[in-house]
Structures are given as structure tokens and as C-alpha cells.
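A.B. asks: So for the sequence shown, the numbering used here puts the first residue at 299; every next one is plus one.
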Amino acid sequence: MRRILLELLAAISLTIAAILTSASGVNASSVMILEAFARASATPTAGAGAAYVSLMNHASEADRLLSVSTPAARVAEIHMTEVADGVMRMKAVDALEIPAMGTLQMKPGGYHIMLMGLTAPLTKGEEIEITLTFEKAGQVMVKVPVGDVAQGGHDHGEGSEGSGG
Ligand SMILES: [Cu+2]
């Protein structure tokens, strides 16, 4: 009886040691998600949407966000929005750097996660899962709550009444 208890304790402490080992060093825990939200689809037939995450890198070296993926869309890309000759346009970005001990903030009109080929319209109050792949931190899965529909001047001109204000 006592012997079984000792073996059990030994097994538990081995498990704890394994958990502690995997939690140290450079891995997913070095990147923390500060904020995440997605825009609700304006129409039930919307094919595209956008999500935004803000990240903090706790590591002493810079890291890079290399790719994004989600079951909520056929294609997910890292995009930036820029204004050229008064026209707002978006382009895909290969990777986004997050400085050592620094933050990266995505927001409407700036960097965003572009979702193309939505498997279902994004509905306020729901949640989508997005997997972020970092050069050093590896994969981090984020649950992204869906908020309001974009107001005027939105990122993704699906209803393009230009006067956003
Ligand atoms: Cu975009």
C-alpha cells in the first residue's frame, strides 16, 4: 500500500518536472496575446473579414509572426493597410517583427489578419480560432471574439460608400 503511494508520488513529481521543463526557455509562452477581436460580417454573404491581435514578446530576442491560419476561412493572410494617392489599399506582408520585450498592435487601418473565403459569416458574440505561427515561439492559438460590424471608413471596402468621416 505504502509502496504504491510512493510510486504514485514519484510519477507525479516526474510529470511536474516535465511540465516545468517545457515551460522554460524560448517557446510559445514568450508571446502573450494582449487583445484580439474580429469584425462581424456586414452581410450574410460577406466573403471576407478582418481580425486584429495585439501581441507582446517577452523574450530577449525579436520574434517574427510568419503566418496565420483559421478554420473560419479558406485563406488567412497578414495584411497592412496603406494610403497611396489618397486611396486606401491593402497588401500582404510576408512577416511581422515583434521587438524583444516589445509589442505589435494590429488595428483597423493598420496591420490586420485578412480572412478570405469565410466558411460562415462572422457573427457578433461568437468566437473564431486563429493559429499564429512565430519564427521562434512556434504556434499560438488565439480565441478571437467577434465584435461589431466595421463603422464608416473600414478596412475592407465591402460596402464602399466612401464618406466614412
Ligand atoms: Cu486585408
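For glycine and all other residues, C-beta sits at the position ideal for the given N, C-alpha and C.
Using the C-alpha atoms, what's the distance from A370 back to T417?
C.D. replies: Taking the straight line from one Cα to the other gives about 5 angstroms.
A.B. asks: What separation, rounded to the nearest whole angstrom, lies between the Cα atoms of P262 and S358?
C.D. replies: Outside the shown range of the chain (299 to 463) lies residue 262, about which nothing can therefore be said.
A.B. asks: Near M354, what residues of its chain come up, given a Cβ to Cβ distance below 6 angstroms and the 5 sequence neighbours on each side ignored?
C.D. replies: For M354, where only same-chain residues beyond five positions count, the Cβ hits under 6 angstroms are M330, L332, T401.
A.B. asks: Excluding the 5 residues flanking A338 on each side, which residues of the same chain have their C-beta closer than 7 angstroms to its C-beta?
C.D. replies: L420, T421, K422, V444, G445, D446, V447.
A.B. asks: Report the residue from A393, M378, V438 whose alpha carbon sits nearest the alpha carbon of M386.
C.D. replies: Answer by Cα proximity: M378.
A.B. asks: Judging by CA-CA distance, which residue of Y350, E375, S367 is the nearest neighbour of T429?
C.D. replies: Comparing Cα positions, the closest option is S367.
A.B. asks: First and last residue of the beta strand (DSSP E) that includes Y350?
C.D. replies: Where Y350 is concerned, the enclosing beta strand (DSSP E) stretches over 346 to 355.
A.B. asks: Could you tell me which uninterrupted alpha helix (DSSP H) segments, each at least 4 residues in length, are contained entirely in the region 398 to 437, listed from first to last along the chain?
C.D. replies: Those alpha helix (DSSP H) runs which fall completely within the region 398 to 437 and span 4+ residues do not exist here.
A.B. asks: If distances are taken between C-alpha atoms only, which option among G407, G347, F432 comes closest to E380?
C.D. replies: The residue with the shortest Cα to Cα distance from E380 is G407.
A.B. asks: Considering Cα atoms alone, identify which of A435, T431, A346, A360 is closest to M399.
C.D. replies: Here the closest residue by C-alpha is A360.
A.B. asks: Got a sec: does ligand 2 put a non-hydrogen atom nearer than 6 angstroms to the Cβ of M388?
C.D. replies: Ligand 2 is absent from the structure shown, which contains only ligand 1.
A.B. asks: Helix, strand or coil for G358? Go by DSSP, reduced to three states.
C.D. replies: According to the sequence provided, residue 358 is Ser. The question's Gly does not apply to it. S358 falls in the coil class under three-state DSSP.
A.B. asks: For G455, which of helix, strand or coil comes out of DSSP?
C.D. replies: Legend: pLDDT at G455 = 43, less than 50; position of this residue unreliable, value from coordinates given subsequently. It is coil, neither helix nor strand.
A.B. asks: Using CA atoms only, rank isn't needed, just tell me which of A349, M388, T431 is closest to A411.
C.D. replies: It should be pointed out that residue 411 corresponds to Ile in this sequence rather than to Ala. Here the closest residue by C-alpha is A349.
A.B. asks: Give the straight-line distance between the Cα atoms of A374 and L413, rounded to the nearest whole angstrom.
C.D. replies: A374 and L413: Cα-Cα distance of roughly 5 angstroms.
A.B. asks: Check whether the Cβ atoms of V351 and V440 lie closer than 7 angstroms to each other.
C.D. replies: Contact: yes.
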